[in-house]
Each structure stands twice: as C-alpha cells, then as structure tokens.
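Written below as structure tokens is the structure these notes are about.
Residue numbers (the numbering used here): 3 to 166.
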C-alpha cells in the first residue's frame with residue numbers, strides 16, 4: 003500500500019516514524035562510528051526507513067527481510083573486503099552474493115545492497131569493526147527501525163505485522 007493510498011493519519015504516522023527511526027539510528031551510529039563515515043552508514047538505514055514506513059505492506063518491508071537482509075549483506079560485504087583486495091571487484095561480488103543469499107533465504111531487502119557495499123568501501127572506521135560491524139551498527143539499526151515501525155503500525159488501518 004503506497005503512501006498515496008494511505009489515510010492522512012497513516013501518512014503522518016509514517017513520516018513521523020521514519021523521522022524518529024532515522025534520528026535514533028543516526029544517533030546510535032554516530033556514537034559508535036564517529037562522524038567521518040556517517041553518510042555511508044546511514045544510506046542503507048535511510049533506504050530501509052523509506053521502505054518500511056512508506057510501503058509497510060510490501061514483502062521487502064517485513065521484519066525478516068529488514069533484519070536478515072542487512073545481516074547477510076553486512077557479512078558478505080565484510081568477507082568480500084577481507085578476501086578481495088580490489089574494492090570495485092569486492093563491492094560487485096558483495097552485491098551479487100548478498101542478492102543470491104537474500105533470495106535463497108527469503109529475506110530480499112534492497113537496501114542490503116548498500117550495506118554490503120558500505121562494508122567494503124566504508125573506510126577505516128567500518129573496517130576496524132570487522133565482523134562486529136554486523137552487530138554494531140547494522141543489527142542495532144535494523145532493530146531500531148523495526149521497533150519504531152511496529153509502534154507506528156498500531157496507528158495504521160491494517161497493521162502490516164499482524165498475520166490475519
């Protein structure tokens with residue numbers, strides 16, 4: 003259900019929810035990674051916020067795709083960074099492998115692609131985290147977004163997280 007077909011109340015709740023979710027995730031990421039790499043870190047978080055608040059009933063906006071897609075992509079991106087010395091090749095491999103694994107595990111979440119690339123080209127702050135990047139900030143950002151999205155869902159005419 004795109005925003006165009008949402009009630010005014012749902013659109014307002016979606017916008018406020020996306021704002022607070024992104025604000026909280028930004029604050030968390032900034033606390034962990036310092037300001038140098040914030041734009042890259044938050045690119046995938048912002049894209050996820052657009053999906054889970056703007057089209058909450060889409061299959062790519064559900065909890066497992068949101069969390070699983072980012073975790074798989076972060077793992078693949080970090081692995082590609084360690085295994086492939088060329089960042090262009092590593093980023094390209096990370097996208098393809100992350101897409102394959104998200105498809106095979108039923109957690110396709112397009113912003114995961116940005117997470118995979120960030121793990122490869124995110125700079126010293128990301129690389130120093132190594133596989134810890136999967137937990138902080140990726141997992142925590144996904145949980146922050148999901149928690150706020152679930153709260154916002156209570157204001158929707160049809161809750162996207164309740165199975166009928």
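Ideal Cβ positions, reconstructed from N, Cα and C, are used throughout, including at glycine.
Around the Cβ of residue 131, a 10 Å sphere holds 16 or more other Cβ atoms; the residue is buried. Within its own chain, the residues whose Cβ lies closer than 6 Å to the Cβ of residue 26, once the five positions on either side in sequence are excluded, are 146, listed in chain order. Taking the Cα positions, residue 96 is about 9 Å away from residue 76.
If you ignore the 5 residues before and after residue 113, its C-beta comes within less than 6 Å of the C-beta of 46, 49, 50, all in its own chain and listed in chain order. Taking C-beta separations shorter than 8 Å and ignoring five residues to either side along the sequence, the partners of residue 136 in its chain run 73, 76, 77, 80, following chain order. Per the C-alpha coordinates, the member of 12, 65, 56 positioned closest to residue 144 is 65. Around the beta carbon of residue 164, fewer than 16 other beta carbons sit within 10 angstroms, so the residue counts as exposed.
Here residue 9 carries a coil assignment [DSSP, helix/strand/coil].
Within a 10 Å sphere around the beta-carbon of residue 156 sit fewer than 16 other beta-carbons, which makes this residue exposed. Selection 133, 142, 102 evaluated against residue 29 yields 142 as nearest (Cα-Cα). The Cβ neighbour count for residue 115, taken over all protein chains shown within 10 Å, is at least 16; the residue is labelled buried.
Rounded to whole angstroms, residue 61 and residue 67 show a C-alpha spacing of 8 Å.
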